[in-house]
Structure formats: C-alpha cells, structure tokens
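Please read the structure below before turning to the comments.
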Amino acid sequence: MVHGPCGEHNLSAPCMKTVFAQKIPTTFQQKLRLEDGYPVYRRRDAANGGLSASLNIRGRNFTIDNSWIVPYSPLLCRTFNAHINVEYCHSVQAIKYICKYINKGSDQATFGVRNPNDEVENYVNGRYISTSEAAWRIFEFPIHERHPTVLQLAVHLENGQRVYFTTETAVQVAQNPRKTTLLAFFELCNEDEFAKTLLYHEVPQYYMGQ
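Numbering-wise (the working numbering), the sequence shown opens with residue 115 and increments by one.
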C-alpha cells in the first residue's frame, strides 16, 4: 500500500501537517529487527532485490520503492476493498486513546479564590465530582470492567528472548534461564496432542502457566 508522494515531492500533501510525515519515506532494511521493542520491517532497495515502479502523479514522474510502502494486511484490504494501514500499537498512549474515559482520571475544574482584601488571586486545580458520579461511587457501583484478562505472549527469535540479571545472579540466570511463554508453548506441543491443534494465542484459554 503506497503512501505519498509527500515531503519535498509534495509539500502540500495533507500528511505534512501531522507527525506521520516524519516517518515516510522509511529507511531501507536488509532484514527484520527489533528496536526498543518495536519491529523494524525488512525493506530492501532495488539494488538488493527490492521492487520499484515509476508512476506519473499530477503530471510528474515519481519513483515508488519499498520506502514508500506502509504496513498493511492484504487480507483486510481485499475483504473490505479499502486501504487499511495495520501496525502494532502497544503504548500507554494507544490504550488511553481507545479507552480515554476510564484512563484520563477524574474530571478537573479550575477555580479562583477571590477576596477583596487579597492582592493576588490564587487559582487551584481541584477534582470535580458531579452529583451523579458521587451517588454512583457511594453505592460502590463498578466504574469500569475488563474482560477477559489480558495475558502478554512473548514473541522472539531463537535465543533472542530477554534475560534480566544482576551481577550476583548472572551465573545462575545463565545456567537456568527463565522460560518464556513462546518456549513453553513449543514444549507443550511436544508433550500434549491437543495442544498441537491450537494456535499460540489460543493456548491460554485451555492451559495455565506456572
């Protein structure tokens, strides 16, 4: 799925007013790697097996290569007949955007304390609770619910799992590294016939780790 042209090729593009303009075009990558927990996808240039095409956009010739392709799912694009950008969002800001009203905290109010004898007006940020919310909390009704329980499943390359240790525990951790959920899944499939019929994300519905 092609993005652009934007940047120096089209300064009036709508994305130039957003943060997204800083990410496109992306840099070429010869292989998939992780950077601070985020995947950096493989993007090969034309000299190393990548694809490129020349397009005429608004009377100007423009070369499209892998640096102008945004992450997408061919299945979703084909199913909905639309352009659908698919990326992994796992930051706190993403959760606040989806569930903002249960994560933003209590309502806030700014009020001033005025006194004819005071030369300075003191403004205080305080918590505001309406009568409806006060009654709801007095009767201890639930504010929000979360179902089902969220379990983070590890995904890593072979021998690429994270290992935490201190100077005192380095030897012990090296001799007996902690198993990740992915390694435990592989071992479970070797021992349990039913587990072989499950996908990785389906295992927590039937098994519990220790």
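Heads up, the beta-carbon is just placed ideally off N, CA and C, and yes, glycines get one too.
Own chain residues within Cβ distance below 7 Å of residue i, not counting five before or after
| i | result |
| --- | --- |
| E201 | P185 |
| V277 | V287, P291 |
Opening and closing residue of the beta strand (DSSP E) in which residue i lies
| i | result |
| --- | --- |
| T193 | Counting along the chain, T193 falls outside any beta strand (DSSP E), though it belongs to the alpha helix (DSSP H) covering 188-194. |
| L148 | 147-149 |
| V154 | 152-154 |
Run of the alpha helix (DSSP H) containing residue i, from where it starts to where it stops
| i | result |
| --- | --- |
| A248 | 245-252 |
Residues sharing a beta bridge with residue i, DSSP
| i | result |
| --- | --- |
| L169 | F176 |
| I183 | V116 |
| R157 | Q143 |
| N199 | Y186 |
Spatial neighbours of residue i in its chain, beta-carbon cut-off 8 Å, leaving aside the 5 residues before and after
| i | result |
| --- | --- |
| G164 | F142, R157, R158, D179, N180 |
| Q222 | N239, G240, R241, Y242 |
| F308 | Y320 |
| S168 | N175, F176, T177, I178 |
Inter-residue CB distance, residue i and residue j (contact presumed, cutoff 8 Å)
| i | j | result |
| --- | --- | --- |
| F299 | Y314 | 6 Å |
| M384 | N199 | An answer regarding residue 384 cannot be provided, because it is not within the stretch 115 to 324 covered by the chain. |
| G325 | T294 | Only positions 115 to 324 of the chain appear in this structure, which leaves residue 325 out of reach. |
| F176 | P119 | 5 Å |
| H258 | W182 | Contact doesn't hold; Cβ gap of about 41 Å is too wide. |
| P318 | L265 | 5 Å |
Close Cβ partners of residue i (< 6 Å) along its chain, the five nearest in sequence each way excluded
| i | result |
| --- | --- |
| H197 | M115 |
| S220 | R241 |
| L267 | T295 |
| C374 | What the structure shows of the chain is the stretch from 115 to 324, and residue 374 is not part of that stretch, so it cannot be assessed. |
Run through the region 266-316 for me and flag every whole alpha helix (DSSP H) of 4 or more residues, listed as ranges in chain order. As far as the region 266-316 is concerned, its whole alpha helix (DSSP H) runs of at least 4 residues are 284-289, 295-305.
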